[in-house]
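Participant:
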Amino acid sequence: MQKIHHEMQRIDATILADVRPQSDLGTTEDLDDATCAAEELSQKINNGLRRVDATLLAAIRQQRNSVNKAKEDLANATLAARELSHNIQEMNSKAEKNEAMIQEICGDMKKLDFAKKNITTVITPLHNLTMLVSAVVQLQGMASNRQYKEAAAQLEVPFFS
Numbered sequence: 001m002q003k004i005h006h007e008m009q010r011i012d013a014t015i016l017a018d019v020r021p022q023s024d025l026g027t028t029e030d031l032d033d034a035t036c037a038a039e040e041l042s043q044k045i046n047n048g049l050r051r052v053d054a055t056l057l058a059a060i061r062q063q064r065n066s067v068n069k070a071k072e073d074l075a076n077a078t079l080a081a082r083e084l085s086h087n088i089q090e091m092n093s094k095a096e097k098n099e100a101m102i103q104e105i106c107g108d109m110k111k112l113d114f115a116k117k118n119i120t121t122v123i124t125p126l127h128n129l130t131m132l133v134s135a136v137v138q139l140q141g142m143a144s145n146r147q148y149k150e151a152a153a154q155l156e157v158p159f160f161s
């Protein structure tokens, strides 16, 4: 906009410099000179107008390009924001699924721990029962073979710890 204003001031200055007052014109020769001067002035004005038109056209093109670039940038930013929002929603969904899966795994671990305690509680008495049955079988074998001394020695050993 400043270029246009500057160009208009320059044209005005050129016009004023070339215009002579009418009182200076006296002869035909002066009239011919004035006509030539008027034609030159007209040519200068036309040239100035062309420059102003070119400057205006360039400014309009630049503005249009700026507007188009701004629209393109806005569209890209909007698209990026939508993609980001979609990615955030996906992450939240995955986080919820992972949280549910972790809760499920923790529940399974608690069940396994409880089962381990139950198995341990059952295995110890079964082991003791196996030892008792084995001792009874040995004692029966010793009794049938009339090995009473060995059987008595076996009975002195504690079976349960």
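Residue 63 in the UniProt record's numbering sits at position 63 of the sequence shown; the count goes up by one each step and never skips. Glycine included, each C-beta is placed from N, C-alpha and C at the ideal position.
Check the C-beta distance from methionine 142 over to alanine 135 and give it rounded, since I have them as a contact under 8 Å.
Facilitator: About 10 Å separates the beta carbon of methionine 142 from that of alanine 135, a gap too long to meet the 8 Å contact definition.
Participant: Would you kindly work out how many angstroms separate the C-alpha atoms of glutamate 39 and glycine 48, rounded to a whole number?
Facilitator: 14 Å
Participant: Using only the alpha-carbon positions, how far apart do threonine 35 and glutamine 43 sit?
Facilitator: 12 Å
Participant: Between Gln63, Lys116, Arg51, which lies nearest to glutamine 9 when the distance is taken from Cα to Cα?
Facilitator: Arg51
Participant: Taking 6 Å as the line, does the beta carbon of valine 52 fall inside it for any heavy atom of the ligand HEM?
Facilitator: Although the ligand HEM was asked about, the structure shown includes no ligands whatsoever.
Participant: Scan the segment 82-126 and note each continuous alpha helix (DSSP H) run of 4 residues or more that stays entirely inside, going in chain order.
Facilitator: none
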